[in-house]
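Protein chains in written order, with the working numbering: chain A, 1 to 156; chain B, 1001 to 1156. For each residue, glycine too, the CB sits at the ideal point set by N, CA and C. Predicted, not measured: the structure shown is a model, and the values here were computed from it.
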DNA sequence: ATTATATTGCAAACGATTTGCATTTGAGTG
DNA sequence: CACTCAAATGCAAATCGTTTGCAATATAAT
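Right under this line is the structure:
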């Protein structure tokens, strides 16, 4: 829960972790390294943008694994902190790899026409969030923040 | 699209518009004032917090109207700018009345245990949003921002 | 009152996601 | 390297929120 404190250390700035490093994180948590999981991680590491389960599914060589397996894997990876779940304007969840040790907190600028997205460094001021939490007596406060607009391509 | 420019004028601060005033807005847009619509608006005006369609439905006297009608009404009211749609942590959309002339832009602090929510005045700095839009060549940029935490009640 | 049209109810259709269950498989163990 | 067992997968059915087609109904204008 470092939150917003990493304006600079934005480690998820696309340094493509190696696949072995990823499967290792599974191994260390005594999770099995299976075909589907390796395939999913490999696809995620090659895509700098949040992917839906269906997108991951269709990136796979013909029926490499079942869609339900992807759903289950994403839950596992999320619980392990290896991916982060995002919700944009359309109905489906999207997932992005999270660097080891990072909490993956960041935001996106998303095109409402084509869903293309840009990762942002900007974040809601931490002091204000803290003030909001205190004022209302809430604990463990975080936030979700996404920006929406029309991307250059879709402006014609 | 005034955005964030109304830190103070937060007119939606629970002044409970009268029902006739609401149905009038329907009338002025040559929409029919039907039983279901009046019931929905009446329920919304009595609830200062965003409600799901199901919640609206169950606030109604036994089968006053069909759930599908509520879905359709919310779309209409949203298009007319009379309600605003929000998405919290759980899967379903929530709706809040919007004062006439207002754009309803504001944010919430939501309890992840019980979904109780508090309306906030704080907003993401407009200048930074503008900078984000320009830097990336996006047009018509807005944002969605919600805070999540554990409310006083749910902390035990 | 009459009419034309917007609105509703109902049930079926949908898309995203989850789940039960029987089967398979990864990874320690001897 | 074979053996065992829990973990993981495939498949199909179930669920949840939401949408839609269509025939029946009701509002608002005449």
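| Asked | Found |
| --- | --- |
| Using a threshold of 8 Å, is the CB atom of residue 1056/B nearer than that to any non-hydrogen atom of the ligand SAH? | In the structure on display, the ligand SAH does not appear, and there are no ligands present to speak of. |
| With a cut-off of 9 Å, does the C-beta of residue 5/A fall near any C-beta of chain B? | Low per-residue confidence applies at residue 5/A: pLDDT is 37, beneath 50, and the placement is therefore not dependable, though the value from the model is reported in the following sentence. No, because no Cβ of chain B sits closer than 9 Å to the Cβ of residue 5/A. |
| Between the C-alpha atoms of residue 75/A and residue 1031/B, what's the straight-line distance to the nearest angstrom? | 45 Å |
| Have a look at residue 1146/B and residue 1088/B and give me their C-alpha separation to the nearest angstrom. | 7 Å |
| Tell me the DSSP bridge mates of residue 120/A? | 107/A |
| Do residue 106/A and residue 119/A have their C-beta atoms closer together than 9 Å? | yes |
| Tell me where the beta strand (DSSP E) around residue 1096/B begins and ends. | 1093-1097 |
| What are the boundary residues of the alpha helix (DSSP H) that residue 1057/B is part of? | 1053-1059 |
| Ordered along the chain, which non-local residues of its own chain (more than five positions away) have a Cβ less than 6 Å from that of residue 1151/B? | 1111 and 1116 |
| Check whether chain B comes within 9 Å of residue 95/A, counting only Cβ atoms and requiring the distance to be less than that. | no |
| In chain A, which residues lie with their C-beta within 9 Å of the C-beta of residue 1127/B? | The premise fails here: residue 1127/B is roughly 11 Å from chain A at the closest Cβ pair, so nothing lies under 9 Å. |
| Name the DSSP bridge partner or partners of residue 149/A? | 111/A |
| Would you say residue 1149/B reaches chain A, if we count a Cβ-Cβ gap shorter than 9 Å as a contact? | yes |
| Would a check of beta-carbon distances place residue 12/A closer than 9 Å to chain B? | At residue 12/A, the pLDDT of 45 sits below 50, so the modelled position is not reliable; the number obtained from the coordinates is stated separately. No, residue 12/A lies away from the interface with chain B (no Cβ there is under 9 Å from its Cβ). |
| Measuring only between beta-carbons, confirm whether residue 1081/B sits less than 9 Å from chain A. | no |
| Taking the DSSP output, what are the residues bridged to residue 1085/B? | 1095/B |
| Under 9 Å between C-beta atoms, does residue 1098/B make it to chain A? | no |
| Take residue 1133/B and list the residues in its own chain whose beta-carbon comes closer than 6 Å to its own, dropping the five residues that flank it on each side. | 1141 |
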